[in-house]
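Residue numbers are given in the UniProt record's numbering: position 183 of the sequence shown equals residue 183, and the series is strictly consecutive. Quick reminder that beta carbons are idealized off the backbone N, C-alpha and C, glycines included.
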Amino acid sequence: MATQKSFSLLLVTFTTLLLLLARNVNSAKVLSFNFTKFTTGSSSITLQGNAEILANGVLALTSHTNSATNIGRALYTTPVTIWDETTGNVASFVSSISLVLRDIQGFMEADGVVFFLAPSDTVIPNNSSGGKLGIVDHGYAFNNFVGVELDNYVNDWDPNYPHIGIDVNSLISLKTVKFNRVSGSLVKVSIIYDSLSKTLSVSVTYENNRIATVSQVVDLKAVLPSRVRVGLSASTSSGGAQLHDIHSWSFTSNLETTVSSVMENVNIASYA
1 MATQKSFSLL
11 LVTFTTLLLL
21 LARNVNSAKV
31 LSFNFTKFTT
41 GSSSITLQGN
51 AEILANGVLA
61 LTSHTNSATN
71 IGRALYTTPV
81 TIWDETTGNV
91 ASFVSSISLV
101 LRDIQGFMEA
111 DGVVFFLAPS
121 DTVIPNNSSG
131 GKLGIVDHGY
141 AFNNFVGVEL
151 DNYVNDWDPN
161 YPHIGIDVNS
171 LISLKTVKFN
181 RVSGSLVKVS
191 IIYDSLSKTL
201 SVSVTYENNR
211 IATVSQVVDL
221 KAVLPSRVRV
231 GLSASTSSGG
241 AQLHDIHSWS
251 FTSNLETTVS
261 SVMENVNIAS
271 YA
């Protein structure tokens with residue numbers, strides 16, 4: 001319980017700090033969005049593969065009608081400047097996601113969801129269904145992304161338990177903690193990147209208020225281009241499937257920069 005309160009306080013403090021810094025638009029580039037529900041036809045979200053927005057405002061990353069061998073991704077349409085090519089400064093960011101994973105009768109529950117940052121021209125890789133989570137092609141030598149995965153099916157490259165993992169260019173996670181999936185249960189994911197310490201921290205809260213945390217040092221400037229897309233991805237296979245439904249998603253990034261144009265530096269949007 002102490003860990004949960006500490007991380008919750010950190011999340012609130014970090015988010016507040018980023019938004020306060022947004023006021024100082026002469027020295028910071030800020031991008032912020034908040035989807036409390038999703039709208040069909042919205043230009044702010046780019047859907048890839050089998051992803052769709054349902055009538056109830058839920059973002060279904062994999063199909064509710066044809067569940068086998070699905071790949072679905074949703075990207076925020078506006079690219080994020082994650083580091084500044086002039087100053088070398090790196091952005092801090094915070095993201096919150098609420099989601100439900102639900103069993104499908106006749107299928108083994110699989111595979112999972114990834115929050116990711118990838119080059120702005122990112123598309124669904126070839127051969128990326130099932131355990132590849134729509135994010136990597138294992139036949140390709142280099143997959144460029146940083147991600148946080150909630151993976152509830154154990155593949156050959158995974159630890160021997162369902163896990164929350166921090167990934168860099170590979171689904172062989174750098175750091176993991178056990179993921180206690182419950183079908184139909186709302187899961188809340190909080191992700192914080194602190195550019196000063198280069199630390200990516202993840203907190204997953206379950207409906208019974210249990211919490212799991214994991215963190216890892218990741219140098220975003222060494223891994224990613226300066227402009228990236230922020231997205232969510234999920235996949236299923238012919239034998240393993242589940243529903244991957246996103247109920248809400250928010251993101252705020254703050255990059256200290258020398259650019260001084262007010263209109264260019266602030267991009268804040270809210271969707272309900």
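To the nearest angstrom, how far is the alpha carbon of N24 from that of A74?
Sequence index remark: in the sequence shown, residue 24 carries index 24 (1-based). Sequence index remark: in the sequence shown, residue 74 carries index 74 (1-based). Only weak support is given to the placement of N24: the predicted model assigns it a pLDDT of 47, under 50, and the value that follows is read from those uncertain coordinates. Whole-angstrom Cα-Cα distance: 30 Å.
Relative to the C-alpha of I53, which residue among E256, L255, S248 and S270 is closest?
Against the sequence shown, residue 53 aligns to sequence position 53. Taking I53 as reference, the option from E256, L255, S248 and S270 with the minimal CA-CA separation is S248.
Exposure of G165, with buried meaning 16 or more beta-carbon neighbours within 10 Å
Here the question's residue 165 lines up with position 165 in the sequence shown. Answer is buried; the Cβ neighbour count reaches 16.
Secondary structure of L220, DSSP reduced to three states
Here residue 220 refers to the residue found at position 220 of the sequence shown. Correct three-state label for L220: helix.
Counting C-beta neighbours from all protein chains within 10 Å, is the total for V94 16 or more, i.e. buried, or is it exposed?
In the sequence shown, residue 94 corresponds to position 94, counting from 1. The residue in question, V94, is buried, as its Cβ has 16 or more Cβ neighbours within 10 Å.
Report yes if the CB atom of N143 is closer than 8 Å to the CB atom of P125, and no otherwise.
Residue 143 sits at position 143 when you count from the first residue of the sequence shown. Residue 125 sits at position 125 when you count from the first residue of the sequence shown. In this structure, P125 lies closer than 8 Å to N143 by Cβ.
Any idea which residues DSSP pairs E52 with across the strands?
Taking the first residue of the sequence shown as 1, we reach residue 52 at position 52. Beta-bridge pairing links E52 to A60.
Between G72 and S185, what straight-line distance do the alpha-carbon atoms span, to the nearest angstrom?
Taking the sequence shown and counting its residues from 1, the one referred to as residue 72 is at position 72. Taking the sequence shown and counting its residues from 1, the one referred to as residue 185 is at position 185. Rounded to whole angstroms, the separation of the alpha carbons of S185 and G72 is 21 Å.
Helix, strand or coil at K132 [DSSP, three-state]
Counted from its first residue, the sequence shown places residue 132 at position 132. Reduced to three states, the DSSP call for K132 is helix.
Endpoints, beta strand (DSSP E) assigned at H138:
To locate residue 138, count along the sequence shown from 1; it is residue 138. If you look at H138, you'll find it isn't in any beta strand (DSSP E); DSSP assigns it neither H nor E.
Look up A28 in the DSSP assignment and give the residues it is bridged to.
If you number the sequence shown from 1, residue 28 lands on position 28. Looking at the DSSP assignment, A28 forms a beta bridge with E256.
On a Cα-Cα basis, can you pick out the residue from P162, I82, Q216 and V123 that is closest to residue 282?
In this structure the chain extends from 1 to 272, so residue 282 is not present and cannot be described.
Distance between R229 and T62 (C-alpha atoms, nearest Å)
Position 62 of the sequence shown, counted from the start, is the residue given in the question as residue 62. Position 229 of the sequence shown, counted from the start, is the residue given in the question as residue 229. Cα-Cα distance, rounded: 20 Å.
For N56, which residues of its own chain have a beta-carbon under 7 Å away from its beta-carbon, when the five flanking residues on both sides are left out?
Working through the sequence shown from its first residue, we reach residue 56 at position 56. Answer for N56: no residue qualifies.
Anyone know if the C-beta pair for L31 and V80 falls short of 8 Å?
In the sequence shown, the residue the question calls residue 31 occupies position 31. In the sequence shown, the residue the question calls residue 80 occupies position 80. Contact: yes.
On the CB-based measure, 16 or more other CB atoms within 10 Å of its CB, does W157 come out buried or exposed?
Residue mapping note: residue 157 aligns to position 157 of the sequence shown, counting from 1. It counts as exposed.
In three-state DSSP terms, what is Y271?
For the purposes of this step, residue 271 is identified with residue 271 of the sequence shown, where counting begins at 1. DSSP places Y271 in strand when its eight states are reduced to three.
Evaluate T86 with the Cβ neighbour count: other Cβ atoms within 10 Å of its Cβ, from every protein chain shown; 16 or more gives buried, anything less gives exposed.
The sequence position of residue 86 within the sequence shown is 86, counting from 1. Under this definition T86 is an exposed residue.
Just tell me which of R102, H138 and V146 has its CA closest to the CA of P119.
Position 119 of the sequence shown holds residue 119. Considering only alpha carbons, the answer is V146.
DSSP three-state label for D121, please.
Position 121 of the sequence shown, counted from the first residue, corresponds to residue 121. Coil.
V189 and I97: beta carbons closer than 8 Å?
Numbered from its first residue, the sequence shown carries residue 189 at position 189. Numbered from its first residue, the sequence shown carries residue 97 at position 97. For V189 and I97, yes; Cβs fall inside 8 Å.
Let me check one thing: in DSSP terms, what residues is S250 bridge-paired to?
Your numbering for residue 250 matches position 250 in the sequence shown. N34 and S96, per the DSSP bridge assignment.
Which residues share a DSSP beta bridge with V114?
Locating residue 114 in the sequence shown gives position 114, where the first residue counts as 1. E149 and S233.
Using 8 Å for Cβ pairs, my map puts V58 next to D245. What's the rounded Cβ distance?
Reading the sequence shown from its first residue, position 58 is the one you call residue 58. Reading the sequence shown from its first residue, position 245 is the one you call residue 245. About 5 Å; that satisfies the 8 Å criterion.
Pull up the CB-CB distance for N169 and V218, whole angstroms please, since I reckon it's below 8 Å.
As a first step, residue 169 is located in the sequence shown; it is residue number 169 there, counting from the start. As a first step, residue 218 is located in the sequence shown; it is residue number 218 there, counting from the start. In fact, because the Cβ distance is near 11 Å, the residues do not count as touching under 8 Å.
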